[in-house]
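The structure appears below as structure tokens.
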Amino acid sequence: MRVLVTGGTGVLGRVLVQQLDGLSEVRVLSRRAPQGAGFVRGDLETGEGLADAVDGVDVIAHCASAADYWRPRRDVAQTRRLVGALGDARPHLVYVSIVGVDQASFGFLRAKLEAERVVEESGLPWTVLRATEFHDLLLMYLMRLAKGLVAVVLRGSLLQPVDVGEVAARMATLVLGPPGGRVRELGGPRVESMEDLMRAYLAAARQRRRVVTIPVPGRLGAGFGIGDHLLTDDDRGTVTFDEYLRSRVDADGLISHPYTP
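UniProt numbering puts the last residue of the sequence shown at 261; the count rises by one with no breaks.
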């Protein structure tokens, strides 16, 4: 089985590539493909090289995410370019999305929902997995919020972070299996407030900062608190954010950065 992974050097994609190693023939799509086997050059932004990159693949794991909050529709355009590059080919397209996109009130998540529809209406065999926020991405976010004299978080915000390794394992199963359409969603084992998550990070990082909560007005603030982006009765991982933080502590007792492109 020949698998193309978009976003294969990103937070999820790089772990998925490791999960698929030895189970399939994996190609990693990259705008600047490095020397070495397994990488193919292709640009989802311009479409350059995509036709050659997708040639002969059986499955595409679409993990690339243009997380641009100022241009949220980039994800939609890139997904359309990927589908358009396939021509008459019909590989199984597996797309990873975000829990709650169908209830979202702001642009980035609405664009994710539109990208899902591109996949669903592509005429290809398809699978869509929605997951909650990855521990790695949450940690990067908390690191940024804690850079000042105080750590600022959104008041009343609830999150359900999930381990990226568990999402990658689910993705690998879906890639190697038959098309499943919209499959069961995957989230973390706990629903926690952003304030508690920030305090957990500060404790693990041995930082003394006051945590300040700020309200987010309107529908955006309500969406973070009412649980539209949380799981109810779908599947949950087992790795908690506290356990993840402990795994990030290096030999000097410091929290290592979770991702370096």
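Backbone N, C-alpha and C fix where the C-beta goes; we use that ideal spot for every residue, glycine too.
- Val57 counts as buried, since at least 16 other C-beta atoms from the protein chains shown sit within 10 angstroms of its C-beta.
- Per DSSP, the continuous alpha helix (DSSP H) segment holding His135 begins and ends at 135-145.
- For Arg130, the enclosing beta strand (DSSP E) stretches over residues 126-131.
- Using a 10 angstroms sphere on the CB of Ala203, the tally of other CB atoms stays under 16, which defines it as exposed.
- Of the residues Cys63, Pro179, Gly188, the one whose Cα lies closest to the Cα of Asp233 is Gly188.
- By the C-beta density criterion, Gln18 is exposed, having fewer than 16 other C-beta atoms within 10 angstroms.
- Per DSSP, the unbroken alpha helix (DSSP H) holding Thr173 starts and ends at 164-176.
- The residues Val99, Thr132, Gln160, Glu185, Gly187, in chain order, have a CB closer than 7 Å to that of Leu231 in the same chain once the five nearest residues on each side in sequence are set aside.
- With contact defined as three or more Cβ pairs closer than 8 Å, the region 71-80 and the region 110-130 are in contact.
- Using a Cβ distance threshold of 9 Å, Leu44 and Leu4 do not count as a contacting pair.
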